[in-house]
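Q:
There are 2 protein chains.
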Amino acid sequence: MNVNRGKRIRRTPEEARSLILSTAARRLAEHGLDGLSISGVAKEAGISHATIIHHFGSTEAMRAALLQQMTGQLLSDVVEALHEDQLPDEILGRLFTTLSRDGHGRLLAWLALDRQQLEPGENQTAALFRNIIDTIAVDGVDRTDAKLQVLLVATAAMGLSICGDPLAALIGLDESETSRFPGWLAARLQTLKSE
Amino acid sequence: MNVNRGKRIRRTPEEARSLILSTAARRLAEHGLDGLSISGVAKEAGISHATIIHHFGSTEAMRAALLQQMTGQLLSDVVEALHEDQLPDEILGRLFTTLSRDGHGRLLAWLALDRQQLEPGENQTAALFRNIIDTIAVDGVDRTDAKLQVLLVATAAMGLSICGDPLAALIGLDESETSRFPGWLAARLQTLKSE
DNA sequence: GCCTCTATTGACATTCATGTTAATAACATT
DNA sequence: AATGTTATTAACATGAATGTCAATAGAGGC
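Chains A and B, in that order, are what the protein sequence lines are.
Numbering (the numbering used here) for the first sequence: 1164 to 1358.
Numbering (the numbering used here) for the second sequence: 1164 to 1358.
1) Can you name, in chain order, every residue of its own chain whose Cβ lies under 6 Å from the Cβ of residue 1261 of chain B, other than the five neighbours on each side?
2) Assuming residue 1197 of chain B is part of the alpha helix (DSSP H), what are its boundary residues?
3) Beta-carbon separation of residue 1199 of chain B and residue 1237 of chain B under 9 Å?
4) Please check if any C-beta of chain A sits within less than 9 Å of the C-beta of residue 1164 of chain B.
5) So, is the C-beta of residue 1196 of chain B closer than 9 Å to a C-beta in chain A?
6) Cβ closer than 7 Å: which chain B residues qualify as neighbours of residue 1344 of chain A?
7) Does the CB of residue 1224 of chain A have a neighbour CB from chain B at under 9 Å?
8) Cβ closer than 7 Å: which chain A residues qualify as neighbours of residue 1323 of chain B?
9) Grab me the residues of residue 1226 of chain A's own chain with a C-beta within less than 7 Å of its C-beta, minus the 5 sequence neighbours each way, in chain order.
10) At which residues does the alpha helix (DSSP H) containing residue 1206 of chain B begin and terminate?
11) In angstroms, rounded to a whole number, what distance separates the CA positions of residue 1187 of chain A and residue 1303 of chain A?
12) The alpha helix (DSSP H) spanning residue 1306 of chain B covers which residue range?
13) In angstroms, rounded to a whole number, what distance separates the CA positions of residue 1298 of chain A and residue 1309 of chain A?
14) Please classify residue 1191 of chain A: does DSSP put it in a helix, a strand, or coil?
15) Run down chain A in chain order and give the residues with a C-beta less than 8 Å from the C-beta of residue 1340 of chain B.
16) Thinking C-alpha only, which one of B/1194, B/1201, B/1210 is nearest residue 1174 of chain B?
17) Going by C-alpha to C-alpha distance, which of A/1270, A/1189, A/1324, A/1272 sits closest to residue 1207 of chain A?
18) Are the CB atoms of residue 1330 of chain B and residue 1318 of chain A within a distance shorter than 9 Å?
19) In chain order, what residues of the same chain lie with their CB nearer than 6 Å to the CB of residue 1201 of chain A, ignoring the 5 residues before and after it?
20) Output the boundary residues of the alpha helix (DSSP H) element that contains residue 1216 of chain A.
21) Between residue 1271 of chain B and residue 1326 of chain A, what straight-line distance do the alpha-carbon atoms span, to the nearest angstrom?
22) Consult DSSP for residue 1264 of chain A and reduce its assignment to one of helix, strand or coil.
23) What do you get for residue 1176 of chain B, buried or exposed, if any count of 16 or more other CB atoms within 10 angstroms of its CB means buried?
24) From the beta carbon of residue 1331 of chain B, is the nearest beta carbon of chain A less than 9 Å away?
25) Alpha helix (DSSP H) containing residue 1343 of chain A: first to last residue?
26) Drop a sphere of 10 angstroms on the beta-carbon of residue 1339 of chain B, count the other beta-carbons inside from all chains shown, and report buried for 16 or more, exposed for fewer.
27) Relative to the C-alpha of residue 1350 of chain A, which candidate in A/1254, A/1184, A/1287 has its C-alpha closest?
28) Applying the criterion that 16 or more other CB atoms from any shown protein chain within 10 Å of the CB defines a buried residue, is residue 1269 of chain B buried or exposed?
29) Hey, residue 1219 of chain B and residue 1171 of chain B: beta-carbon distance below 9 Å or not?
30) Using only CA atoms, which one of A/1178, A/1263, A/1233 lies nearest to residue 1323 of chain A?
31) Go ahead and label residue 1224 of chain A buried or exposed: buried means 16 or more other beta carbons lie within 10 angstroms of its beta carbon, across all protein chains shown.
32) Could you tell me the alpha carbon to alpha carbon distance between residue 1246 of chain B and residue 1291 of chain B, rounded to whole angstroms?
33) So for residue 1235 of chain B, helix, strand or coil by DSSP?
34) Kindly indicate which three-state DSSP category residue 1175 of chain B falls into: helix, strand or coil?
35) For residue 1314 of chain A, which residues from the same chain have a beta carbon less than 6 Å from its beta carbon, with the 5 sequence-adjacent residues on both sides left out?
36) Between residue 1288 of chain A and chain B, is any beta-carbon pair separated by less than 9 Å?
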């Protein structure tokens, strides 16, 4: 927590926005949606809340900017992960791993629970999924089946990143078993395909 | 929205608590966690917010009571659904269907995202899961494998009830395809077992 | 050095939610 | 009818968050 005694720090608009958004991201991870008040973010960033209003216009606009940045990051993470290996066999496993890491699933859940529905304009995302499905559906897999596999991977990844730990504890999985979950799922999906 | 002009309605404590909790449940479904303020619930129930304080003691206590009631409902739903058919083949499909219906998964997600971790004392739930796993693991299935299957079903059900519709749209699944998801998953899990 | 631009801030007004308190009214009991 | 219990409410005090406005202070250009 920065404490500025008297002296002001003047940042470029880019620096200021970056400082604010990174602080907000940290608070989102630690305190959930309740952490995204401009007063709270401002205090933790060591600035006044009026500065946030100046740069973003409103609390809601700051949240929108943060979520846009994070979904962009998620999308590029997925794209990069999928680019590394084009093997159809591994794509779903990769997708699962990326979605369930770094709180990506948690972010999507927040998005979905906060605003009641996700906004349109996610053409890149739709294109990405279409790409994955095309790749999977190549070798004799029914196209609907491919879509359902993707849906399974996506929903499971989201559920895992929200509730994974407590659920695993309830089920009686220890840590080493739980860590095998992504690999296990990927293997099972390949099995499905080769039938 | 009830409008009481002058006349008071005096309820038994049970009636009052029931009215408050059912209104709160409706608001939770419609507005998310933000709908669970005592002022909002009171206005929608047509009573004063002080009445809620009188019956529950505090906002937090009202929320706790609501969540306890809803988790109890979820648990009994699952128990009942599983009791209807003891066939190991159908248990996972049943579990999935029950978890993803009526916003049960959504409730669990709220619980997990609001409080950072689920409270302990869920011995009944743990026992329930152990039961399911025992049933599945009977016919030659590795016990860890059975646990992972349950984890998959639980996480997918949760993810589906949070984000199912927008995800299906992104993937390009139409409604009739999406509705086949539970059956598809159940069939795939049986396939896994019979190998 | 002077001037301009604007990022930053403190002070203020407003709104909303929480919780307390004392008074009131509905209902049961006698 | 009188009385006691308590569910209900209005009024109040408090605190937190949002957003506005005018004043201030860095930093660069002249």
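Backbone N, C-alpha and C define an ideal beta-carbon position, used for all residues, glycine too.
A: In short:
1) The answer, listed in chain order, is 1240, 1241, 1244.
2) Looking at the DSSP string, residue 1197 of chain B is not in any alpha helix (DSSP H), and its letter there is neither H nor E.
3) Cβ atoms of residue 1199 of chain B and residue 1237 of chain B: not closer than 9 Å.
4) Reliability of the predicted coordinates at residue 1164 of chain B is poor, the pLDDT of 44 falling under 50, and the value obtained from them is presented with this limitation in mind. It does not; no Cβ of chain A falls within 9 Å.
5) Yes, residue 1196 of chain B counts as interfacial toward chain A.
6) Here the neighbours are 1311, 1314.
7) Answer no: the Cβ-Cβ gap between residue 1224 of chain A and chain B never drops below 9 Å.
8) Here the neighbours are 1318.
9) Hits under 7 Å: 1199.
10) In the DSSP assignment, residue 1206 of chain B falls within the alpha helix (DSSP H) that extends over 1201-1208.
11) If you take the alpha carbons of residue 1187 of chain A and residue 1303 of chain A, they lie about 46 Å apart.
12) 1306-1334 is the extent of the alpha helix (DSSP H) around residue 1306 of chain B.
13) If you draw a straight line from the Cα of residue 1298 of chain A to the Cα of residue 1309 of chain A, it comes to about 9 Å.
14) Here residue 1191 of chain A carries a helix assignment [DSSP, helix/strand/coil].
15) In chain order, 1307, 1310, 1311 make up the part of chain A whose C-beta sits under 8 Å from the C-beta of residue 1340 of chain B.
16) Cα-wise, what sits closest to residue 1174 of chain B is B/1210.
17) Nearest of A/1270, A/1189, A/1324, A/1272 to residue 1207 of chain A, Cα basis: A/1189.
18) Annotated as proximal: residue 1318 of chain A and residue 1330 of chain B, with beta-carbon spacing under 9 Å.
19) 1212, 1215, 1222.
20) If you look at residue 1216 of chain A, you'll find it in the alpha helix (DSSP H) that goes 1212-1219.
21) About 8 Å.
22) In the three-state scheme derived from DSSP, where H, G and I count as helix and E and B as strand, residue 1264 of chain A is classed as coil.
23) Residue 1176 of chain B should be labelled exposed.
24) Closer than 9 Å: yes.
25) No residue range can be given for residue 1343 of chain A, since it is assigned to no alpha helix (DSSP H) and is classified by DSSP as neither H nor E.
26) Residue burial is scored here from C-beta neighbours: residue 1339 of chain B has fewer than 16 other C-beta atoms within 10 angstroms and is therefore classed as exposed.
27) The shortest Cα separation from residue 1350 of chain A among A/1254, A/1184, A/1287 belongs to A/1254.
28) Around the beta carbon of residue 1269 of chain B, 16 or more other beta carbons lie within 10 angstroms, which makes this residue buried.
29) With contacts defined by Cβ atoms closer than 9 Å, residue 1219 of chain B and residue 1171 of chain B do not form a contacting pair.
30) Comparing Cα-Cα distances from residue 1323 of chain A to each of A/1178, A/1263, A/1233, the minimum goes to A/1263.
31) Per the 10 Å Cβ criterion, exposed.
32) Approximately 11 Å, taken between the alpha carbons.
33) Note: residue 1235 of chain B maps to helix in three-state DSSP.
34) Secondary structure of residue 1175 of chain B (DSSP, three-state): coil.
35) Nothing meets the Cβ criterion.
36) Chain B contact via Cβ: present.
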